[in-house]
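Using this note's numbering, read the sequence shown as starting at 1 and increasing by one per residue. From the three backbone atoms N, C-alpha and C, an ideal C-beta is built for every residue, glycine too. In this text the structure is predicted, and so the values were computed from the model without any measurement. The next block holds one structure in the form of structure tokens; read it before the comments.
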Amino acid sequence: TIVDDLSQNKYPHDIEGGFLKVQNHARKVLSVVKSIENSIILNKNLAYVQINSELPSSMVVNFVLGISGKPVALVYKTKVDINSCIISIRGSNECKVHLGRIVNSLSSVLSGSGGGHEKACGAVIPKDKLWEFIKQLDKKTR
Numbered sequence: 001t002i003v004d005d006l007s008q009n010k011y012p013h014d015i016e017g018g019f020l021k022v023q024n025h026a027r028k029v030l031s032v033v034k035s036i037e038n039s040i041i042l043n044k045n046l047a048y049v050q051i052n053s054e055l056p057s058s059m060v061v062n063f064v065l066g067i068s069g070k071p072v073a074l075v076y077k078t079k080v081d082i083n084s085c086i087i088s089i090r091g092s093n094e095c096k097v098h099l100g101r102i103v104n105s106l107s108s109v110l111s112g113s114g115g116g117h118e119k120a121c122g123a124v125i126p127k128d129k130l131w132e133f134i135k136q137l138d139k140k141t142r
């Protein structure tokens, strides 16, 4: 990918097909943003959306945070093979709680695992506990 090439300290003009790689990546990003814009669900403190994108959820969650205007954004992908949801969470400057600690505690109670930093974290939650996780996270981010 273009990111792999750039991470090897290559100059953009030295990357074979660099312009096309950037153009293709930009199209993927635009496609994902358009697909989630009207699907984002807004709770009191939290915006969330399910994605099925090849883009990493850790990237998409930042778009949700920016689009929604909420202090917390959550993106999840369902993994059928493990009957769980893979969740990425981000907090804006308006978020005044440590999301990593809250997610660690909440995911443990719901038979999952998770945690992370103050404004960026993630979790793996059993699929049947997702709505409870979202509801509780929304309450705890006040």
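- Query: So which of G91, N43, V32, N62 has the shortest CA-CA distance to Q136?
  - Reply: N43
- Query: Out of curiosity, what's the CA-to-CA distance linking D111 and F133?
  - Reply: Checking the sequence shown, residue 111 turns out to be Ser, not Asp. S111 and F133 have their C-alpha atoms spaced approximately 11 Å apart.
- Can the beta-carbon of V64 be found less than 7 Å from the beta-carbon of S88? no
- Task: Report the option in K129, D138, S84, I41 whose CA atom is closest to the CA atom of G91.
- Result: D138
- Query: What span of residues does the beta strand (DSSP E) with S84 cover, start to end?
  - Reply: 84-91
- Item | Reduced DSSP category for K34 - H, G, I as helix; E, B as strand; rest coil | helix
- Task: Measure the alpha-carbon distance for V33 versus Q50 and round it to whole angstroms.
- Result: Spanning the alpha carbons of V33 and Q50 requires a straight line of approximately 12 Å.
- Sequence ranges, alpha helix (DSSP H) only - wholly within the stretch 8-78, length at least 4: 18-37, 57-68
- Task: Compare the beta carbon distance of L99 and C85 with 7 Å and say whether it is the shorter of the two.
- Result: Pairing L99 with C85 gives a Cβ-Cβ distance that is not under 7 Å.
- Whose C-alpha, out of V22, G114, A26, V72, is nearest the C-alpha of I40? V72
- Return helix, strand or coil for S111, following the three-state DSSP convention. coil
- Between the beta-carbon of S107 and the beta-carbon of G114, is there less than 7 Å? yes
- DSSP state of V124 mapped onto helix, strand, coil: strand
- Residue span of the alpha helix (DSSP H) that contains E132, given as start and end: 130-140
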